Every structure is written in C-alpha cells, then in structure tokens.
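Everything in the sequence shown is counted per full-length UniProt numbering, starting at 1 for the first residue and increasing by one.
These notes concern the structure reproduced below.
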Amino acid sequence: MERKGSLATATLLPPPPPHRRFSHTVSRKLSHSLGWGSSSEERGEIVSVGRSLCWQYMRCRLKRSGLFSKKRGLQRLRSSLSLGHGAIVPRVLPALIALGVELERIRPEVYTGVTRQVGNEPGIALRAVGKQLAMMGMSWPRLVSLFAVAGGLACDTVRAGHPEQMTQIADAMADLVDEELASWIADNGGWMGLCAYWKPICDEPALSHYVGLLAGLLLTLFLLAVAVRVITSL
Numbered sequence: 001m002e003r004k005g006s007l008a009t010a011t012l013l014p015p016p017p018p019h020r021r022f023s024h025t026v027s028r029k030l031s032h033s034l035g036w037g038s039s040s041e042e043r044g045e046i047v048s049v050g051r052s053l054c055w056q057y058m059r060c061r062l063k064r065s066g067l068f069s070k071k072r073g074l075q076r077l078r079s080s081l082s083l084g085h086g087a088i089v090p091r092v093l094p095a096l097i098a099l100g101v102e103l104e105r106i107r108p109e110v111y112t113g114v115t116r117q118v119g120n121e122p123g124i125a126l127r128a129v130g131k132q133l134a135m136m137g138m139s140w141p142r143l144v145s146l147f148a149v150a151g152g153l154a155c156d157t158v159r160a161g162h163p164e165q166m167t168q169i170a171d172a173m174a175d176l177v178d179e180e181l182a183s184w185i186a187d188n189g190g191w192m193g194l195c196a197y198w199k200p201i202c203d204e205p206a207l208s209h210y211v212g213l214l215a216g217l218l219l220t221l222f223l224l225a226v227a228v229r230v231i232t233s234l
C-alpha cells in the first residue's frame with residue numbers, strides 16, 4: 001500500500017529517462033577498464049577530498065548548532081580534520097559551506113532531525129539518499145544537498161550521545177563519491193568546479209542559482225522520503 005506522502009513526492013520527479021542497456025555502475029566500470037574517465041590516481045584524490053570535505057562540513061554544522069565542544073567526545077573528529085589535502089580543501093570549503101548554509105536557511109526542517117525522517121543508521125541513510133540522487137542525475141546544488149544531509153545527521157548523532165557514528169557518515173560519503181560521483185566530479189572540473197559554479201553567484205546572484213538550489217532542495221525532500229522506504233524495507 002502506498003504511503004500517503006509518496007504520491008506528493010512523486011510529483012517532484014523529472015520524466016523517467018529512456019531505457020538504458022547498462023546500469024550506471026556497469027557503464028562506469030566499463031569506461032574505467034577501457035581507460036575512459038578519470039585515472040585511478042585522480043579518482044583516489046577526488047574520493048579523499050570528498051571525505052575531508054565531509055568531515056569539515058560536519059564540523060562547521062556542529063559549530064553553527066553549538067554542538068562542537070570537548071565535552072562531547074569529538075577527539076576523532078578533531079584528528080580527522082588534521083588530515084587535509086593540500087590546498088584543495090581550503091579552497092573548496094567556503095563554496096561548499098556557503099551553498100549548504102543557503103539550503104539549510106531556505107528549509108531548515110529538511111536538514112534538522114534527519115535521523116527521525118530516515119532511521120537510526122546514519123551511514124545507511126546517507127547511502128540511500130546518495131544512490132537515489134546519482135540515479136536521477138547530478139548537479140552541484142544536488143551534490144551540496146548531500147553534504148547538508150550529512151551535516152544534519154552529524155548533529156543528530158552528537159545530540160544522541162554517539163559522536164563516533166560520524167565516522168560512518170564520512171565513510172558513506174567516501175563510498176558514494178567513489179562508486180557514484182567521482183566520474184561526474186572529474187568531468188565537471190574536479191572539486192574546484194564547485195568554486196567555478198559558486199564564484200559567479202558571489203559576483204552577481206542569478207535566477208539560475210536560486211532555481212538550482214530549489215531543485216536541489218526539492219530533490220532532497222524526495223530522496224529523504226525514498227530513503228525512509230528503503231530503510232524500513234531492510
């Protein structure tokens with residue numbers, strides 16, 4: 001039996017894509033085995049930066065929520081933050097945080113109490129949202145919305161007294177980047193492509209920017225609903 005809200009969220013979906021002979025995963029494996037797409041070295045760097053950005057975003061979200069303190073057992077988070085990746089993370093992080101904060105400002109209820117919406121396992125929840133997002137097509141606002149979900153999950157784990165679960169969130173983000181997102185990120189300028197997307201917005205806010213953020217927000221709402229159904233069926 002369909003859930004009452006599932007019909008409403010379905011209206012947010014774009015028209016279904018034409019039938020593909022191979023899945024996204026199979027196509028990616030074929031392209032990389034044939035030498036297409038990003039190299040293994042570049043892919044590894046993209047994954048490592050993605051993990052570091054996730055830790056940094058969670059830290060920022062915890063600080064903005066008043067949850068980042070020594071009393072909450074965040075030693076693992078502090079040690080993980082020390083493992084930077086040269087100049088890439090510091091240059092990309094301002095764009096990631098600025099866009100993420102904008103999404104959180106538009107609809108704070110979407111990125112607050114995320115665990116109540118999708119279940120008690122933050123890593124599983126983030127993977128479910130990320131995989132659905134990758135299947136529906138990627139954009140920078142949609143990718144940022146995934147980090148915003150990770151930040152909301154981090155706040156929930158700390159409030160529940162389980163800050164160690166943030167490792168699950170960072171691991172899930174790294175897995176998603178490796179399995180689903182690395183090729184798209186490489187094809188769109190690497191992580192620095194996010195800075196290129198963000199800079200024109202800083203210079204002169206454009207309608208396309210707000211449309212993109214709104215699309216990312218609406219897709220996140222849908223994916224959270226899908227994640228609930230996936231997790232409850234496990």
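All C-beta atoms, glycine included, are put in the ideal place defined by N, C-alpha and C.
Note that this is a predicted model, so its numbers are computed, not measured.
query                                                                                                    : result
For Cys155 and Gln132, the rounded distance between their alpha carbons                                  : 23 Å
Validate contact between the segment 143-157 and the segment 99-109 using beta carbons, cut 8 Å, 3 pairs : yes
Touch test, the segment 59-66 against the segment 174-183, Cβ-Cβ under 8 Å, three pairs minimum          : no
Own chain residues within Cβ distance below 7 Å of residue 238, not counting five before or after        : There is no way to answer for residue 238, as the model of the chain reaches only from 1 to 234.
CB contact flag (Gly123, Gln168, <7 Å)                                                                   : yes
Residue 236 - containing alpha helix (DSSP H), residue span                                              : With the chain represented from 1 up to 234, any question about residue 236 goes unanswered, as that position is not in the structure.
Three-state secondary structure (DSSP) of Thr112                                                         : coil
Pairwise C-alpha distance: Ala186 and Ala134                                                             : 15 Å
Local conformation of Trp184 per DSSP, three classes                                                     : helix
Reduced DSSP secondary structure (H/G/I, E/B, other) of Lys29                                            : Because Lys29 sits at a pLDDT of 45, beneath the cut-off of 50, its placement in the model cannot be relied upon, and the following sentence gives the value as read from the coordinates. Looking at Lys29 - three-state DSSP - the assignment turns out to be helix.
Assigned secondary structure, Arg51 (DSSP; H/G/I helix, E/B strand, else coil)                           : helix
7 Å Cβ cutoff met for Thr194 and Ala87                                                                   : It is Leu, not Thr, that sits at residue 194 in the sequence shown. Contact: no.
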